[in-house]
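Enquirer:
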Amino acid sequence: MTLILVMDNDCAIGKNGDLLCRLPLDMKHFRETTKNSVVVMGRKTYESFPKRPLPERENVVLSRSLSEIDGAKVFGDIDEMLKYVNSLGKRVFVIGGAEIYKQLLPYCDEALITRVYENFAGDVFFYDIENDKNWELAESSPILETNCRNIRFMRFLRKNS
Ligand SMILES: NC(=O)c1ccc[n+]([C@@H]2O[C@H](COP(=O)([O-])OP(=O)(O)OC[C@H]3O[C@@H](n4cnc5c(N)ncnc54)[C@H](OP(=O)(O)O)[C@@H]3O)[C@@H](O)[C@H]2O)c1
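First residue of the sequence shown? That's 56 in the working numbering, and the numbers climb one at a time after it.
#1: Could you tell me which whole alpha helix (DSSP H) segments of length 4 or greater appear in the region 83–134?
#2: Nearer than 7 Å: is that true of the beta carbon of T100 relative to any heavy atom of ligand 1?
#3: Who are the Cβ neighbours of D73 in its own chain at under 8 Å, not counting the five residues just before and after it?
#4: Curious, which full-length beta strand (DSSP E) runs of at least 3 residues does the region 125–201 contain?
#5: Please determine whether the Cβ atom of A153 lies at a distance below 7 Å from any heavy atom of ligand 1.
#6: Considering only C-alpha positions, which residue in the set K83, N71, E111, L60 is nearest to T201?
#7: Can you tell which of F181, R77, G97, K138 has its C-alpha closest to the C-alpha of L60?
#8: Across which residues does DSSP place D73 in a beta bridge pair?
#9: Under 8 Å: do the region 114–123 and the region 173–180 share three or more Cβ pairs, one atom per stretch?
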């Protein structure tokens with residue numbers, strides 16, 4: 056599976072239940088990358104989307120409190136979810152939030168990280184994968200500007216995967 060996220064200088068990924076800021080170029084990158092694939096997320100992330108389910112993607116939500124959600128397949132257990140998504144024969148993206156990234160990182164061998172070079176004082180975090188010796192940088196874009204912010208797209212691969 057592939058993990059995809061945007062984080063700031065402090066590895067913050069969200070604040071007050073929402074994203075840190077609007078980054079049109081990153082949204083476009085996310086839409087194009089995950090189109091026609093399976094997207095796995097936590098219940099809180101699903102509920103944070105103004106328009107849901109995400110169109111042109113199979114939406115898979117992890118929740119222990121809800122067994123049904125409009126527009127999404129719901130699982131209360133990671134093993135059951137993994138069995139299901141592996142049976143689909145499609146690319147699977149882990150799209151957040153913090154709880155889900157942490158639990159599903161061990162099942163991912165690729166990470167698509169957008170770094171936004173700002174400090175947003177977020178309240179949910181990923182971690183500094185750039186300095187994790189188990190991962191290597193495979194590709195990196197130049198610094199790009201979007202909505203007056205500097206960002207960089209990076210692709211990491213798990214070593215020996
Ligand atoms: N920067 C980015 O790229 C990015 C991407 C996505 C999200 N975000 C941000 O991240 C924040 C949300 O993250 P979060 O960590 O608070 O919430 P989350 O990971 O989106 O969702 C957490 C919920 O998932 C369910 N869950 C967690 N582990 C589970 C398991 N093992 N089995 C079944 N269900 C499980 C629980 O739902 P129930 O309570 O229903 O049981 C839990 O409350 C928001 O600020 C959002 O905007 C950022």
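Don't be surprised by glycine CBs; every beta carbon is placed ideally from N, CA and C.
Just so we're clear, the structure is a prediction, and the values are computed from it rather than from any experiment.
Expert: The short version:
#1: You should have 98–103.
#2: By one-based count along the sequence shown, residue 100 stands at place 45. The answer is yes for T100.
#3: One-based indexing of the sequence shown puts residue 73 at position 18. Cβ contact annotation for D73 (same chain, cutoff 8 Å, sequence separation greater than five): S103, in chain order.
#4: The qualifying runs are 128–130, 147–149, 165–171, 190–195, 199–201.
#5: Here residue 153 corresponds to residue number 98 of the sequence shown, with the count starting at 1. Correct: A153 has its Cβ closer than 7 Å to ligand 1.
#6: In the sequence shown, the residue the question calls residue 201 occupies position 146. Closest in alpha carbon position to T201, among K83, N71, E111, L60, is K83.
#7: Taking the first residue of the sequence shown as position 1, residue 60 is located at position 5. For L60, the nearest C-alpha among the options comes from F181.
#8: Here residue 73 is taken as the residue at index 18 of the sequence shown, counted from 1. The beta-bridge partner set that DSSP reports for D73 consists of K70.
#9: In short, these stretches do not touch, since the Cβ pair count stays below three.
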